[in-house]
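Trainee: Sharing a structure below in structure tokens format, with a few things to ask.
Number of protein chains: 2
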Amino acid sequence: MPSTNLTFSNRSEHRAWLATQAALPAGFRVGTTRFDFTPREAPKPAKMTLTLLALDRPTADFAAVFTKNAFPGAPVVIGRRRLEEPTLGAIIINNKISNVCAPGGVEASERICAETSRLLGLSAGHVLPSSTGVIGWGLPVDTMIAALPQAVSALAGPSVLPAAEGIVTTDLYPKVRRAAVGAGSIVGIAKGAGMIEPNLATMLVYLLTDVAVPRAELRAMLRRTIDDSFNSISVDSDTSTSDTVALVSSGRVPIGDLGEFERALQTVCRDLAEDIVRNGEGVRHVIRVSVQNAASPSLARALGKAIVNAPLFKCAVAGNDPNVGRLVQAIGKQVGAHGADTDLSRLRARMGGVEIFSGGVFQLNPAKETALVAHLRGAELYTSAPPKDGVFSAAIDFPPHERCVEIEVDVGNGTAAATVLGGDLTHEYVSENADYRS
Amino acid sequence: MPSTNLTFSNRSEHRAWLATQAALPAGFRVGTTRFDFTPREAPKPAKMTLTLLALDRPTADFAAVFTKNAFPGAPVVIGRRRLEEPTLGAIIINNKISNVCAPGGVEASERICAETSRLLGLSAGHVLPSSTGVIGWGLPVDTMIAALPQAVSALAGPSVLPAAEGIVTTDLYPKVRRAAVGAGSIVGIAKGAGMIEPNLATMLVYLLTDVAVPRAELRAMLRRTIDDSFNSISVDSDTSTSDTVALVSSGRVPIGDLGEFERALQTVCRDLAEDIVRNGEGVRHVIRVSVQNAASPSLARALGKAIVNAPLFKCAVAGNDPNVGRLVQAIGKQVGAHGADTDLSRLRARMGGVEIFSGGVFQLNPAKETALVAHLRGAELYTSAPPKDGVFSAAIDFPPHERCVEIEVDVGNGTAAATVLGGDLTHEYVSENADYRS
Numbered sequence: 002m003p004s005t006n007l008t009f010s011n012r013s014e015h016r017a018w019l020a021t022q023a024a025l026p027a028g029f030r031v032g033t034t035r036f037d038f039t040p041r042e043a044p045k046p047a048k049m050t051l052t053l054l055a056l057d058r059p060t061a062d063f064a065a066v067f068t069k070n071a072f073p074g075a076p077v078v079i080g081r082r083r084l085e086e087p088t089l090g091a092i093i094i095n096n097k098i099s100n101v102c103a104p105g106g107v108e109a110s111e112r113i114c115a116e117t118s119r120l121l122g123l124s125a126g127h128v129l130p131s132s133t134g135v136i137g138w139g140l141p142v143d144t145m146i147a148a149l150p151q152a153v154s155a156l157a158g159p160s161v162l163p164a165a166e167g168i169v170t171t172d173l174y175p176k177v178r179r180a181a182v183g184a185g186s187i188v189g190i191a192k193g194a195g196m197i198e199p200n201l202a203t204m205l206v207y208l209l210t211d212v213a214v215p216r217a218e219l220r221a222m223l224r225r226t227i228d229d230s231f232n233s234i235s236v237d238s239d240t241s242t243s244d245t246v247a248l249v250s251s252g253r254v255p256i257g258d259l260g261e262f263e264r265a266l267q268t269v270c271r272d273l274a275e276d277i278v279r280n281g282e283g284v285r286h287v288i289r290v291s292v293q294n295a296a297s298p299s300l301a302r303a304l305g306k307a308i309v310n311a312p313l314f315k316c317a318v319a320g321n322d323p324n325v326g327r328l329v330q331a332i333g334k335q336v337g338a339h340g341a342d343t344d345l346s347r348l349r350a351r352m353g354g355v356e357i358f359s360g361g362v363f364q365l366n367p368a369k370e371t372a373l374v375a376h377l378r379g380a381e382l383y384t385s386a387p388p389k390d391g392v393f394s395a396a397i398d399f400p401p402h403e404r405c406v407e408i409e410v411d412v413g414n415g416t417a418a419a420t421v422l423g424g425d426l427t428h429e430y431v432s433e434n435a436d437y438r439s
Numbered sequence: 002m003p004s005t006n007l008t009f010s011n012r013s014e015h016r017a018w019l020a021t022q023a024a025l026p027a028g029f030r031v032g033t034t035r036f037d038f039t040p041r042e043a044p045k046p047a048k049m050t051l052t053l054l055a056l057d058r059p060t061a062d063f064a065a066v067f068t069k070n071a072f073p074g075a076p077v078v079i080g081r082r083r084l085e086e087p088t089l090g091a092i093i094i095n096n097k098i099s100n101v102c103a104p105g106g107v108e109a110s111e112r113i114c115a116e117t118s119r120l121l122g123l124s125a126g127h128v129l130p131s132s133t134g135v136i137g138w139g140l141p142v143d144t145m146i147a148a149l150p151q152a153v154s155a156l157a158g159p160s161v162l163p164a165a166e167g168i169v170t171t172d173l174y175p176k177v178r179r180a181a182v183g184a185g186s187i188v189g190i191a192k193g194a195g196m197i198e199p200n201l202a203t204m205l206v207y208l209l210t211d212v213a214v215p216r217a218e219l220r221a222m223l224r225r226t227i228d229d230s231f232n233s234i235s236v237d238s239d240t241s242t243s244d245t246v247a248l249v250s251s252g253r254v255p256i257g258d259l260g261e262f263e264r265a266l267q268t269v270c271r272d273l274a275e276d277i278v279r280n281g282e283g284v285r286h287v288i289r290v291s292v293q294n295a296a297s298p299s300l301a302r303a304l305g306k307a308i309v310n311a312p313l314f315k316c317a318v319a320g321n322d323p324n325v326g327r328l329v330q331a332i333g334k335q336v337g338a339h340g341a342d343t344d345l346s347r348l349r350a351r352m353g354g355v356e357i358f359s360g361g362v363f364q365l366n367p368a369k370e371t372a373l374v375a376h377l378r379g380a381e382l383y384t385s386a387p388p389k390d391g392v393f394s395a396a397i398d399f400p401p402h403e404r405c406v407e408i409e410v411d412v413g414n415g416t417a418a419a420t421v422l423g424g425d426l427t428h429e430y431v432s433e434n435a436d437y438r439s
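Chains as they are written, first to last, in the working numbering: chain A, 2 to 439; chain B, 2 to 439.
Quick look at the structure:
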């Protein structure tokens with residue numbers, strides 16, 4: 002996947018590179034504000050950041066896709082309605098509380114949109130809300146409305162970085178990717194580190210462009226693009242109730258070649274999707290599964306997902322243990338449960354370029370074991386450090402490299418292919434999630 | 002589920018209770034032997050136990066169900082053939098290596114069966130093999146054959162406990178359950194702690210009875226019983242390539258009431274299934290999800306499975322954190338992906354008897370939060386101890402109690418029900434599996 006092969010040795014180097022990606026396309030400004038509040042369901046002080054993405058003038062050319070979770074957050078319910086509006090003028094995003102199935106949640110989000118519209122001089126309904134964080138709690142609406150004017154007065158260019166930083170929750174670092182398209186550009190930001198196995202859409206992703214792509218084309222391209230990007234990743238197999246990918250054009254730069262725009266959009270989405278996995282909760286190895294010669298694209302993707310979601314295989318990768326038996330178990334589980342008519346007799350599997358399975362049997366020996374361990378170690382993002390006060394935490398706040406544990410599965414009975422990305426299962430994931438709210 | 006409400010304060014108390022369960026039904030003997038060997042794929046000394054379950058005379062009345070994984074182990078391939086044989090005389094079980102897709106695996110298992118037959122004076126093909134352990138490695142056949150005579154000469158009664166101990170891998174303690182049926186009994190033993198989300202059958206489970214139930218009834222009853230027992234549990238959502246449940250009658254005690262036998266079989270299977278979850282790898286909380294009023298039994302079970310397999314919810318339970326948002330996320334993920342026509346507007350959910358969700362919104366407040374934390378703490382099996390040399394291990398080798406985290410989901414639009422058991426996701430699970438083989 003990734004269009005780059007970057008390495009960074011510290012946070013400053015990574016930040017310097019992010020700055021090269023972060024120039025806002027013409028016609029957009031961003032503003033953020035951060036404040037204290039106390040959730041009513043579990044009274045204990047907390048901090049929230051409000052992030053505002055504003056267009057200089059409302060646009061008809063916007064697209065969005067949302068989670069398929071049957072309990073969508075209030076902002077997703079509202080977002081689906083916004084797709085019917087003639088124009089969009091701004092996006093208002095909060096972290097810390099996701100506003101999912103909270104009593105009065107839709108009304109709360111609408112009040113925040115209304116106040117944002119009023120401050121920006123927009124029509125009501127031309128603001129898209131997004132929320133991420135704890136599921137089940139209610140938004141502190143009054144506190145948020147009191148803080149909104151600061152976000153509005155902070156609105157500025159030329160960098161999208163304040164927004165990329167404002168929307169994070171458990172992310173270790175902000176995620177920004179760009180691509181040039183003729184005289185214009187596409188710039189995307191993403192947050193998301195846990196509860197990530199998107200279904201149609203994922204996490205919070207905002208794609209801004211100044212290239213004038215009409216609404217209908219924008220929406221069709223976004224739908225086509227997400228299957229091979231955000232729908233092909235899984236950190237932990239959970240599906241967020243808030244997943245949102247929005248694509249907005251300010252229309253400032255005339256479109257040249259639609260195909261060039263779509264390819265640039267694919268690059269930005271794939272790179273951001275991989276960034277999300279690499280910065281997934283507790284992820285110390287990114288696992289890339291390339292499935293070839295499957296009977297259908299859906300089977301290819303399902304096999305890839307089965308591998309990156311198999312807890313025992315994920316743990317083995319965390320320990321740099323080439324327990325390829327668990328990998329084949331995952332394929333067999335998926336086929337046994339959902340594709341019993343699939344012929345697996347020609348299946349071949351490789352890890353790190355080393356053949357581990359073919360002709361129905363494992364192809365293992367001590368020399369291969371040594372090579373596989375070396376491959377796993379080479380793909381490790383950081384070494385797990387001993388816990389402090391019982392809690393494991395990541396030793397890095399930047400992505401040191403873009404290497405992956407490379408798995409190739411050749412099913413041998415079709416022509417379809419898919420590439421799926423996932424992460425290992427580590428002590429850092431458990432520490433992060435055994436007491437995330439407190 | 003469980004038919005008992007046991008508590009134990011140490012290993013000796015638990016062992017004393019196991020002894021009360023362990024009397025072999027008439028007509029069976031068990032023998033084990035333990036020895037050193039070196040796997041050829043990763044040369045490093047290892048230990049294996051061979052466990053032999055022998056009938057005093059071969060029986061026509063036996064049943065077995067096996068994994069649905071599409072890469073079944075060689076013993077499963079052979080086991081399916083054995084179902085066609087007129088009689089069964091013995092079961093030979095090894096741990097440490099599961100003999101799955103190893104070159105020459107079927108021939109290796111058949112050689113061990115043939116040698117067992119020869120030593121016991123049986124016809125070839127009347128021995129059922131089972132293997133559990135690392136996937137992908139080959140059995141050390143010559144070493145095993147050299148050790149077999151010791152297992153044969155160890156054959157004895159009156160307790161099944163040596164077999165329950167012989168078949169374990171990462172289990173913390175042996176698992177035995179019994180039920181009286183008229184003048185006879187059913188005694189079951191089980192091993193299995195990880196790679197456990199059975200599909201049709203599960204793990205290694207051997208159910209021995211002296212009650213004379215004809216082959217056809219025995220097989221039908223086993224099929225009916227496993228759905229509500231072994232098919233309703235999940236430790237980690239992985240499906241072993243070796244899952245086997247065998248039910249063998251020595252026919253010594255005339256059958257009275259077939260219904261009484263089936264109810265006793267259900268009790269033994271449900272209790273063993275719960276024992277397996279309670280002793281699951283790293284499990285510190287057993288989670289019991291009772292789904293009511295669903296449109297179909299399969300939807301009810303799928304919702305229960307979705308909850309006990311949601312990594313973020315499992316982590317929250319591990320931390321005694323009542324993050325019920327993650328619970329509802331899991332329901333929404335399942336329905337969004339697989340049951341989009343399910344009306345969730347009447348869904349109600351309770352944890353520990355406390356209502357947390359109804360009418361489409363969460364029902365939370367600080368007093369409920371306190372009650373939920375107390376419920377989670379009350380269901381904890383042991384407190385996580387700091388890691389030693391970076392490795393977390395269980396502080397217990399007995400089940401201190403049979404309490405669960407109790408979750409009730411009333412879907413509100415049907416009459417079907419299911420109860421599903423699972424475990425939390427802990428540092429102990431990651432430690433166990435990040436370097437299990439070494």
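Where a beta carbon is used, it is the ideal one built from N, C-alpha and C, also for glycine. Bear in mind that the values here come from a model prediction, so they are computed numbers and not experimental data.
Is it buried or exposed for A/Arg82, if we count other Cβ within 10 angstroms and need 16 for buried?
Mentor: That one is exposed.
Trainee: Any beta-carbon of chain A closer than 8 Å to the one on B/Arg347?
Mentor: So no, B/Arg347 is outside the interface.
Trainee: Assuming B/Val254 and B/Leu208 form a contact by the criterion Cβ under 8 Å, report the distance between their Cβ atoms to the nearest whole angstrom.
Mentor: Contact flag wrong, Cβ pair sits at about 15 Å.
Trainee: Let me check understanding here. Comparing Cα to Cα, which of B/Thr52, B/Lys45, B/Phe72, B/Glu86 lies closest to B/Ala65?
Mentor: It is B/Glu86 whose Cα lies nearest to the Cα of B/Ala65.
Trainee: Kindly list the residues whose CB is nearer than 7 Å to the CB of B/Ala17, restricted to its own chain and excluding five residues on each side of it in sequence; keep chain order.
Mentor: There are no such residues.
Trainee: Are there 16 or more other CB atoms within 10 angstroms of the CB of B/Ser110, so buried, or fewer, so exposed?
Mentor: Looking at its Cβ environment, which holds 16 or more other Cβ atoms inside 10 Å, B/Ser110 is buried.
Trainee: Please classify B/Asn294: does DSSP put it in a helix, a strand, or coil?
Mentor: Note: B/Asn294 maps to strand in three-state DSSP.
Trainee: Helix, strand or coil for A/Phe262, going by three-state DSSP, please let me know.
Mentor: It is helical.
Trainee: May I ask you to list, following chain order, the residues of the stretch 39 to 56 of chain A that have a beta carbon less than 7 Å from some beta carbon of chain B?
Mentor: Listed by position along the chain: Glu42, Ala43, Pro44.
Trainee: Quick check: B/His286 and B/Gly424, are their CB atoms within less than 8 Å of each other?
Mentor: Yes; because the gap between Cβ atoms is below 8 Å, this pair is in contact.
Trainee: Write down the C-beta distance between A/Ile98 and A/Leu140 rounded to the nearest angstrom, noting that I regard them as a contact closer than 8 Å.
Mentor: That pair is a contact at about 6 Å.
Trainee: Alpha carbon to alpha carbon, how far is B/Ala405 from A/Arg351?
Mentor: Looking at the sequence provided, one finds Cys at residue 405 of chain B rather than Ala. Those two C-alpha atoms are separated by around 42 Å.
Trainee: Considering only their Cβ atoms, is the gap separating A/Ala213 from A/Gly252 smaller than 8 Å?
Mentor: For A/Gly252 and A/Ala213, yes; Cβs fall inside 8 Å.
Trainee: Which residues in chain A have a C-beta closer than 7 Å to the C-beta of B/Phe363? List them in chain order.
Mentor: Cys102, Ala103, Gly137, listed in chain order.
Trainee: So, do the stretch 229 to 248 of chain B and the stretch 56 to 74 of chain B have three or more beta carbon pairs nearer to each other than 8 Å?
Mentor: Because the criterion of three Cβ pairs below 8 Å is met, the stretch 229 to 248 of chain B and the stretch 56 to 74 of chain B touch.
Trainee: To the nearest angstrom, how far is the alpha carbon of B/Gly413 from that of B/Arg349?
Mentor: So the alpha carbons of these two residues sit roughly 8 Å apart.
Trainee: Of the choices B/Lys306, B/Ser132, B/Asp322, whose alpha-carbon is the least far from that of B/Gly419?
Mentor: Residue identity differs from the one stated: residue 419 of chain B is Ala in this sequence, not Gly. Residue B/Lys306 is the option with its Cα nearest to B/Ala419.
Trainee: Residues of chain B with a CB under 8 Å from the CB of A/Ala332: which are they?
Mentor: First, the amino acid is wrong: residue 332 of chain A is Ile here, not Ala. Chain B residues near A/Ile332: Ala71, Phe72.
Trainee: Can you tell me where the alpha helix (DSSP H) holding A/Met222 begins and where it ends?
Mentor: Element bounds for A/Met222: 216 to 227.
Trainee: Looking at the structure shown, is A/Pro59 part of a helix, part of a strand, or coil, going by DSSP?
Mentor: Reduced to three states, the DSSP call for A/Pro59 is strand.
Trainee: My output table needs one value for B/Asn434: the three-state DSSP class, helix, strand or coil.
Mentor: Correct three-state label for B/Asn434: helix.
Trainee: For B/Gly379, return the contacting residues in chain A, with the cut-off set at a CB-CB distance below 8 Å.
Mentor: What B/Gly379 touches in chain A: nothing, since even the nearest Cβ is about 18 Å away.
Trainee: What did DSSP end up calling B/Met204 once you bin it into helix, strand or coil?
Mentor: Reduced to three states, the DSSP call for B/Met204 is coil.
Trainee: Would DSSP call B/Ala75 helix, strand or coil?
Mentor: Helix at B/Ala75.
Trainee: Kindly confirm or deny that the stretch 164 to 171 of chain B and the stretch 183 to 197 of chain B touch, where touching means at least three C-beta pairs closer than 8 Å.
Mentor: In short, these stretches touch, since the Cβ pair count reaches three.
Trainee: Between the beta-carbon of B/Lys176 and the beta-carbon of B/Asp258, is there less than 8 Å?
Mentor: The answer is no: Cβ separation not under 8 Å.
Trainee: Indicate the three-state DSSP secondary structure (helix, strand or coil) for A/Asp211 in the structure shown.
Mentor: If DSSP states are grouped into helix, strand and coil, A/Asp211 belongs with the strands.
Trainee: Tell me which same chain residues have a C-beta within less than 7 Å of the C-beta of B/Ala1, skipping the five on either side of it?
Mentor: Only positions 2 to 439 of chain B appear in this structure, which leaves residue 1 of chain B out of reach.
Trainee: Using 8 Å as the threshold, is the C-beta distance between B/Glu409 and B/Ser291 below it?
Mentor: Yes, the Cβ-Cβ distance between B/Glu409 and B/Ser291 is below 8 Å.
Trainee: Just grab the DSSP bridge partners of B/His286 for me.
Mentor: DSSP output for B/His286 lists no bridge partner at all.
Trainee: Does B/Val412 get closer than 8 Å to chain A when you measure Cβ to Cβ?
Mentor: Answer no: the Cβ-Cβ gap between B/Val412 and chain A never drops below 8 Å.
Trainee: For a contact meaning CB atoms closer than 8 Å, what does A/Leu382 contact in chain B?
Mentor: Result: empty, since nearest Cβ-Cβ is about 15 Å, beyond 8 Å.
Trainee: Count the CB pairs spanning the stretch 424 to 435 of chain A and the stretch 369 to 384 of chain B that are closer than 8 Å, and state whether there are at least three.
Mentor: The stretch 424 to 435 of chain A is not in contact with the stretch 369 to 384 of chain B.
Trainee: Using CA coordinates, which residue listed in B/Gly354, B/Ala319, B/Asp322, B/Ala301 is at the minimum distance from B/Ile332?
Mentor: That would be B/Ala301, whose Cα lies nearest to the Cα of B/Ile332.
Trainee: Can you name the residues of chain A whose CB is closer than 9 Å to the CB of B/Val336?
Mentor: Those within 9 Å of B/Val336 in chain A are Asn70, Ala71, Phe72.
Trainee: Consider the Cβ of A/Ala350: report whether some Cβ of chain B lies at a distance smaller than 8 Å.
Mentor: By this cut-off, A/Ala350 is not an interface position.
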